[in-house]
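Report on one structure; see the data block that follows.
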Amino acid sequence: MARSLHHRILAFGLLAAVCVPVHAQGDPEMVDKIIHEGKHRNQVMNHLTHLTKKIGPRLSGSPKLDKAIEWSISKFKSWGLENVHADYWGDVPMGFDRGPNQTVRMTAPFAYDFQFTTPAWWPGTKGKVSGKTVLEPESLAELDKVEKDLEGAWLVMRRPVGMRGGAAANNPEARQLEERIAKIDIAGRIYGTTSELVHTSGRWNPDPNVANLDVVIYVRKSDMDMIRWNMDKGREVKVEAHIDNKLIQGPIKSHNVIADIKGAEFPDEYVIISGHLDSWNGPGSEGAVDNGTGTSVTMEAARILAASGAKPKRTIRFILWTGEEQGLHGSRRYVEMYKDQLDKISAVFVDDGGTNYQGGIPCVEQMKPMLEAAMAPMKAAFPDMPQRIEVAPSMPRGGGSDHASFNAVGVPGFFWYETGRANYRYAWHTQNDKLDQAIPEYLVQSSTNSAVVAYNLACADSLLPRMTPEQAAIVWHAPTIGMKIDHDHDVDADQDHDMHPPFVRRSAGFTSKFARLAKGR
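As numbered in numbering that gives the first Met the number 0, the sequence shown has no gaps in its residue numbers, which increase by one up to the final residue, 520.
Rendered as structure tokens:
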């Protein structure tokens with residue numbers, strides 16, 4: 000009887016949410032001021048330029064991330080926001096940074112600079128290291144033939160990074176082969192990729208043996224083709240590398256950044272606007288579109304609202320997450336630490352899909368009226384950048400960004416569909432993630448839209464409706480359509496791990512046979 004009544008109440012609530020108009024807009028004059036500030040005095044590119052050019056890429060547990068946290072806090076405070084602070088969520092077991100010397104080049108048979116990366120939390124070279132290249136032996140018999148040539152040489156791996164098989168396959172001879180190679184003082188290992196992109200990934204690890212692992216270099220497919228072509232022609236190929244990687248003893252305290260525009264009527268209820276401040280830091284990358292753009296959009300939305308004098312009913316909270324690239328650590332811990340506030344969060348918005356504009360979101364039916372009302376002013380403000388709301392059977396499950404941490408506990412989490420001409424995959428986690436990939440007019444729309452939607456929802460008559468139990472039971476993933484980047488765009492820690500060579504995948508937290516057999520050089 001009680002269950003039947005409960006279901007009837009839920010059904011009535013769902014029907015009411017769909018059929019009865021919900022006021023989800025603030026003062027129209029204030030909305031106009033917000034849009035005018037966003038369109039005509041927008042500073043999003045100033046934030047992004049400082050973040051990428053003055054600070055640079057911001058790996059979790061790195062000094063540059065600490066610098067970015069300090070800078071963002073100073074900006075939020077300068078705009079008059081409240082409760083601005085670095086919010087401790089946990090420790091990174093080991094820090095990592097890349098020094099100014101990051102070069103890998105072929106010196107013979109001719110000079111050529113490679114585009115490359117190395118895993119994060121992985122050792123580099125000790126100064127300049129030069130050596131000839133030797134093709135990876137695939138059997139013990141092959142090793143017998145080339146073993147005398149391996150001392151001080153670069154081992155050229157036959158299969159691209161991430162491909163299974165080869166010497167690291169799980170069989171007794173392969174294990175013997177690796178054990179013998181591990182005892183030889185090689186210069187390091189060179190892997191090709193499957194394209195002209197080199198993706199940076201890695202896992203933090205407190206094991207001191209990490210410092211003794213062989214240097215691992217990933218080069219573009221065309222660079223590996225050049226190496227192999229010359230080797231196949233019988234030419235001696237020499238490679239020189241100067242990779243200044245720095246392992247920093249942990250633990251290192253990790254923080255999100257929080258800043259509030261306090262609500263005038265319901266200060267303990269929240270609309271959250273967010274992006275993640277951390278990035279990968281491969282050579283060449285500046286952490287621009289993943290996720291300097293989302294960070295800058297979040298910060299500019301805060302500035303726009305503060306400059307406009309917005310007084311929302313509810314608190315608008317701006318959060319810059321960290322630890323996102325290693326598994327959404329900052330947002331997951333936020334959900335755990337503030338679990339008593341979850342039922343007072345109206346919605347969480349995440350901008351983490353690159354430099355395209357905020358083109359819409361998926362939601363369940365009962366959320367649509369409020370979201371449509373909140374986004375409505377943007378149609379006239381940016382007529383060339385249309386938005387849409389897609390009704391879904393459930394809120395998206397999983398996903399590789401911080402909205403997923405909230406959807407997992409029933410709080411509406413939204414990942415903006417990034418719509419436009421930019422190719423996010425070209426820059427995502429690669430050497431191409433630079434400021435020149437940013438499209439200013441799209442970021443102006445995104446920061447203005449974030450401010451407008453946050454203000455309108457914060458002034459709504461109620462919190463955004465939750466899913467019903469029936470909707471929550473449905474497993475649904477948003478599709479990727481055209482240039483739209485959906486919530487599954489990102490690579491979390493588990494998938495990142497698969498990008499490493501097979502011998503790394505077999506290790507438990509990098510404690511591989513290479514560490515156990517480390518020569519201490």
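By construction, the Cβ of each residue, glycine as well, lies at the ideal position given by its N, Cα and C atoms.
| query | result |
| --- | --- |
| DSSP three-state label for P62, please. | helix |
| Note down the Cα distance separating P205 from E371, rounded to an integer number of angstroms. | 48 Å |
| Is F405 helix, strand or coil by DSSP? | helix |
| When DSSP builds the beta bridges, which residues end up paired with D231? | Bridge partners of D231: none, in fact. |
| By the DSSP assignment, the alpha helix (DSSP H) with M44 in it spans what residues? | V43 to T48 |
| Do you know how far the Cα of D90 is from the Cα of N208? | 20 Å |
| Assuming contact is defined by CB atoms lying nearer than 8 Å, are T321 and H254 in contact in what I supplied? | yes |
| Using the C-alpha atoms, what's the distance from S393 back to N244? | 44 Å |
| If you reduce the DSSP assignment to three classes, tell me which class T429 lands in. | strand |
| In the DSSP assignment, what are the bridge partners of G89? | S253 |
| Return yes when at least one heavy atom of the ligand ZN lies under 7 Å from the C-beta of V256, else no. | In the structure on display, the ligand ZN does not appear, and there are no ligands present to speak of. |
| What is the DSSP secondary structure of F381, counted as helix, strand or coil? | coil |
| Would you mind giving the Cβ-Cβ distance between H476 and G397, rounded to the nearest angstrom? I have them listed as a contact below 8 Å. | 7 Å |
| Tell me, please, whether the segment 55 to 74 touches the segment 32 to 45 by the rule of three or more beta-carbon pairs shorter than 8 Å. | no |
| So, for G165: in the same chain, excluding its five sequence neighbours on each side, which residues have a beta-carbon less than 6 Å away from its beta-carbon? | Its pLDDT being 49, under 50, G165 is placed unreliably in this model, and the coordinates cannot settle the point. |
| Quick one: Cα of A373 to Cα of D289, how far? | 26 Å |
| Would you mind giving the Cβ-Cβ distance between T116 and G353, rounded to the nearest angstrom? I have them listed as a contact below 8 Å. | 19 Å between Cβ atoms; not a contact. |
| Roughly how many angstroms lie between the CA atoms of Q444 and F348, to the nearest whole one? | 15 Å |
| Leaving aside the five residues before and after P395 along the sequence, list all residues of the same chain whose C-beta is less than 7 Å from its C-beta, in chain order. | P361, N406, W475, H476, A477 and H486 |
| Thinking C-alpha only, which one of D224, Q325 and A173 is nearest K232? | D224 |
| Is A110 helix, strand or coil when you go by DSSP? | coil |
| Based on the DSSP secondary-structure assignment, which residues constitute the bridge partners of T418? | Y356 |
| If contacts are defined as beta-carbon pairs under 8 Å, then L139 and L176 qualify, I think. What distance do you get, rounded to the angstrom? | 6 Å |
| Name the residue from H46, W203 and R331 whose alpha carbon lies nearest to the alpha carbon of A119. | W203 |
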